[in-house]
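Enquirer: So the sequence shown is numbered by full-length UniProt numbering: it starts at 1 and just counts up by one. First the structure, which I've put down as structure tokens, then a few questions once you've had a look.
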Amino acid sequence: MIRSQESGVRRQETGDKRQKAKGKRQKAVFFPHPTPVRLSSRPKPTPYTPHPHTPHPTSPTPHTPHPTPQHRIKMTLVLENIHKSYGKRLVVNRVSITVAPGEIVGLLGPNGAGKTTTFYIATGLIKPNQGRVWLDQKEITKLPLNQRARLGIGYLTQQASIFRYLTVSENIQLALEQSGVPFSQRANRLYDLLKEFRLDKIVRTKGAYVSGGERRRTELARALAVGVNGPRFLLLDEPFAGVDPIAVSEIQTMIAGLRDRQMGILITDHNVRETLAITNRAYIMREGQILAAGSGEELYNNPLVRQYYLGDNFLR
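In structure tokens form, the structure reads like this:
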């Protein structure tokens, strides 16, 4: 009897606990719906009143204008006050060069004048002791060749750089793949480059079996294949070396076509006539300094250029 009473008490206590827990759960679940607020009763936002010395947050500060196309300066490749020495020998002394889009600039001079060193500083193969290299107002003096290529500076070496055991098409495809051109764009880019440089008839020819002119055209096409948008500046080291006269004329026409596409081109070459025939202007170097600068006509008629570089018997 006593046990049954105790069991009844326990069941009663257990039931009370369950009832309390159920009440708590009901309270937790059934919240009263919030009273809706009319739009007219909402407080109006306080208008923004800038401090007299603090610019409005939605407008640019006076010292850092928003970069719109109207504010951007035309892109240029600039070598500024370049110095380069090897030991006690000063090779390049206070040389400044500018290359703008849509122009071909020559860099000429006798052997030992410092033009090759200056050209290699522009490519990033050599670092200057003093001076700066700029691209679109950005200093790139310390950037190596591969990083400058990503910024849009192409480079064509003097030495043959075609892959001898790859076909002409494979040489260009390799540049497209390695420079990150999307797969969907490669076929069209390849087709356009083969057409532009008249390589469509030797697509399957191995690099070891092409002529000097065909090799140079393939190397030019490969240089233009680098990057999604291709280079904006092209640095050509002796582009006419080892090429027969007929092929030289073809390459001149192709380089002039790149200028028409608003590409900036810097050429260094020993072939004075061929270079000045297509350049808008040129720099003549002597003993590490700029001797003269100007158009081809101005340089031909410059007495200093004739005295120290062309010679009195030079014929155009």
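All C-beta atoms in this analysis are idealised placements derived from N, C-alpha and C, irrespective of residue type, glycine included.
#1: Ordered along the chain, which non-local residues of its own chain (more than five positions away) have a Cβ less than 6 Å from that of residue 134?
#2: Within the continuous alpha helix (DSSP H) that includes residue 300, where are the two ends?
#3: Ignore the nearest five residues each way along the sequence and tell me which others in residue 233's own chain have a CB closer than 6 Å to its CB.
#4: For residue 319, which residues in the same chain have their Cβ closer than 6 Å to its Cβ, ignoring the five residues on either side in sequence?
#5: Among 287, 299, 187, whose alpha-carbon lies nearest the alpha-carbon of residue 281?
#6: Assign residue 119 to buried or exposed, taking buried as 16 or more other Cβ atoms, counted over all protein chains shown, within 10 Å of its Cβ.
#7: Beta carbon of residue 279: closer than 7 Å to some heavy atom of the ligand ADP?
#8: Check whether the stretch 159–170 touches the stretch 130–147, counting contact only when three or more Cβ pairs, one atom from each stretch, lie closer than 8 Å.
#9: Nearest chain D C-beta to residue 125 closer than 8 Å, yes or no?
#10: According to DSSP, residue 282 sits in a beta bridge with which residue or residues?
#11: Ordered along the chain, which non-local residues of its own chain (more than five positions away) have a Cβ less than 6 Å from that of residue 289?
#12: Assuming residue 164 contacts residue 173 (C-beta within less than 8 Å), just tell me the rounded distance between them.
#13: Kindly indicate the opening and closing residues of the beta strand (DSSP E) around residue 179.
#14: Let me know the secondary structure DSSP gives residue 85 once reduced to three states.
#15: Hey, how far is the Cα of residue 194 from the Cα of residue 169?
#16: Using the Cα positions of residue 166 and residue 156, report the straight-line distance between them to the nearest angstrom.
#17: Let's see if you can read the secondary structure: which residues bound the beta strand (DSSP E) around residue 233?
#18: When DSSP labels each residue in this structure, what does residue 162 get in the three-state scheme?
#19: Does DSSP put residue 152 in a helix, a strand or coil?
#20: Is the Cβ-Cβ distance between residue 248 and residue 310 less than 8 Å?
#21: Mapping the DSSP letters down to three states, classify residue 261 as helix, strand or coil.
#22: Could you tell me the alpha carbon to alpha carbon distance between residue 314 and residue 108, rounded to whole angstroms?
#23: Exposed or buried, which one is residue 230 when buried takes at least 16 other CB atoms within 10 Å?
#24: I'd like to check one pair, residue 103 with residue 259: are the Cβ atoms closer than 8 Å?
#25: Considering residue 213, what are the terminal residues of the alpha helix (DSSP H) in which it resides?
#26: Short of 7 Å in beta carbon distance, which residues of its chain neighbour residue 117, apart from the five on each side in sequence? Order them along the chain.
Expert: Result, derived from the coordinates:
#1: By 1-based counting over the sequence shown, the position of residue 134 is 134. Excluding sequence neighbours, residue 134 sits near 78.
#2: If you number the sequence shown from 1, residue 300 lands on position 300. That run of the alpha helix (DSSP H) goes 296–300.
#3: Here residue 233 corresponds to residue number 233 of the sequence shown, with the count starting at 1. 77, 153, 264, listed in sequence order.
#4: What is shown of the chain runs 1 to 316, which leaves residue 319 out entirely.
#5: Here residue 281 is taken as the residue at index 281 of the sequence shown, counted from 1. Minimum Cα distance to residue 281 is reached at 299.
#6: Mapped onto the sequence shown, residue 119 falls at position 119. When all chains shown are included, residue 119 counts as buried.
#7: Looking at this structure, you won't find the ligand ADP or any other ligand, since it has none at all.
#8: no
#9: In the structure shown, chain D does not exist; there is a single protein chain.
#10: To locate residue 282, count along the sequence shown from 1; it is residue 282. Residue 282 is bridged to 106, 294.
#11: Against the sequence shown, residue 289 aligns to sequence position 289. Excluding sequence neighbours, residue 289 sits near 93.
#12: What you label residue 164 is simply residue 164 of the sequence shown in a count that begins at 1. What you label residue 173 is simply residue 173 of the sequence shown in a count that begins at 1. Contact flag wrong, Cβ pair sits at about 16 Å.
#13: Along the sequence shown, one-based indexing puts residue 179 at 179. First-last for residue 179: undefined, no H or E at that position.
#14: Here the question's residue 85 lines up with position 85 in the sequence shown. It is a strand residue.
#15: For the purposes of this step, residue 194 is taken as the residue at position 194 of the sequence shown. For the purposes of this step, residue 169 is taken as the residue at position 169 of the sequence shown. For residue 194 and residue 169, the distance between alpha carbons rounds to 8 Å.
#16: As a position in the sequence shown, residue 166 is number 166, starting the count at 1. As a position in the sequence shown, residue 156 is number 156, starting the count at 1. Cα-Cα distance, rounded: 18 Å.
#17: Position 233 of the sequence shown, counted from the start, is the residue given in the question as residue 233. That run of the beta strand (DSSP E) goes 233–237.
#18: Counting from 1 along the sequence shown, the entry for residue 162 is found at position 162. Residue 162: coil per DSSP, three-state reduction.
#19: As a position in the sequence shown, residue 152 is number 152, starting the count at 1. In the structure shown, residue 152 sits in coil (DSSP, three-state: anything other than H, G, I, E or B).
#20: One-based indexing of the sequence shown puts residue 248 at position 248. One-based indexing of the sequence shown puts residue 310 at position 310. In this structure, residue 310 does not lie closer than 8 Å to residue 248 by Cβ.
#21: Translated into positions along the sequence shown, residue 261 becomes position 261. Residue 261: coil per DSSP, three-state reduction.
#22: Taking the first residue of the sequence shown as position 1, residue 314 is located at position 314. Taking the first residue of the sequence shown as position 1, residue 108 is located at position 108. Each residue's alpha carbon lies about 15 Å from the other.
#23: For this step, residue 230 is matched to residue 230 along the sequence shown. The residue in question, residue 230, is buried, as its Cβ has 16 or more Cβ neighbours within 10 Å.
#24: Locating residue 259 in the sequence shown gives position 259, where the first residue counts as 1. Locating residue 103 in the sequence shown gives position 103, where the first residue counts as 1. Yes, the pair counts as a contact, with Cβ atoms nearer than the cut-off.
#25: Position 213 of the sequence shown holds residue 213. Where residue 213 is concerned, the enclosing alpha helix (DSSP H) stretches over 212–224.
#26: One-based indexing of the sequence shown puts residue 117 at position 117. Correct list, in chain order: 84, 91, 92, 126.
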